[in-house]
Amino acid sequence: MSAGPAPTCAVPLPRAFYARPADQVARALLGQRLCVEQGGRRSLARIVETEAYLGVEDLACHASRGLTPRTRTLYGPPGTAYVYLIYGLHHLFNVVALAEGEPHAVLVRAVEPLSELPARTDGPGRLTRALGIDLTHNGIDLSEPPISILPGDPPADVGVDRRIGVDYAGTWADAPLRFVDAASTHLSRPLAR
DNA sequence: GACCGGATTATG
DNA sequence: ATAATCCGGTCA
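In terms of my numbering, the first sequence opens at residue 2 and continues consecutively.
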């Protein structure tokens, strides 16, 4: 039995990483690595696009309608997964941020494959399909299998933009809460400016 | 129990 | 431009 330290690639980001407002977590998540172990397959991908959702005041955030069965996981501890189905078709993967009882979250909108993947990963619905993420992962801790987030190299250049698909959210629709690795060729959409 | 809309994607 | 497709929120 070796008592040596685990390989670096297996050490997830600490809980403290997520314990700050979602805009900070969204930016910091760029370049980190998403690891999904599913049905004997291990997928690895680099996070290149995120969006922050800032709790009850943010009209684009699901929590702005209060605590319901669906948004319950949003109110859970930081560093857990919030997964939901949209348009009856696509699973969207979010990371809970800030603190228990504070419904902040970061939507992961695009990743770059670091291992062979069966589908495109540039888009929030595509990446969950490629990685096999679905509702069964809602609420799980992201510091251990089957889904974990591991340290990676942050991008040299971060682009900031308004969020996609939240035109209904009044003044919040224009808030600069979308973050991308400006050099990535795997964004769901190019930067607006 | 009925109705409606959505943090999207593929296709025309 | 629009269909696909269904969960959960809202109102009754």
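Idealized CB from N, CA, C, for every residue including glycine.
Where leucine 35 is concerned, the enclosing beta strand (DSSP E) starts and stops at 34-39. Rounded to whole angstroms, leucine 14 and tyrosine 169 show a C-alpha spacing of 34 Å. DSSP places arginine 42 inside the beta strand (DSSP E), whose first and last residues are 42-55. Its Cα nearest to that of glycine 32, the residue Ala184 stands out among Gly40, Ser189, Ala184. Looking at the backbone, the Cα of serine 44 and that of leucine 115 are separated by about 8 Å.
In the DSSP assignment, leucine 30 falls outside any beta strand (DSSP E) and lies within the alpha helix (DSSP H) extending over 23-30. Beta-bridge partners assigned by DSSP to proline 104: Leu99. In this structure, serine 189 lies near proline 125, with their beta-carbon atoms less than 9 Å apart. Here the C-alpha atom of aspartate 158 lies approximately 8 Å from the C-alpha atom of valine 181.
Rounded to the nearest angstrom, the gap between the Cα atoms of histidine 92 and arginine 71 is 13 Å. The Cβ-Cβ distance between leucine 68 and cysteine 62 does not fall below 9 Å. Taking the Cα of threonine 137 as reference, the smallest distance to any Cα among Tyr85, Val96, Ala174 is reached at Tyr85. For alanine 131, no beta strand (DSSP E) run applies; the uninterrupted alpha helix (DSSP H) run containing it begins and ends at 125-132, by DSSP. Straight-line measurement puts the Cα of proline 191 at about 19 Å from the Cα of valine 107. A straight-line Cα-Cα distance of about 23 Å links valine 161 and alanine 64. For phenylalanine 180, the enclosing beta strand (DSSP E) covers residues 179-182.
Of Asn95, Gly77, Ala100, the smallest CA-CA separation from alanine 27 is found for Asn95.
For the pair leucine 118 and leucine 143, the Cα-to-Cα distance works out to about 20 Å.
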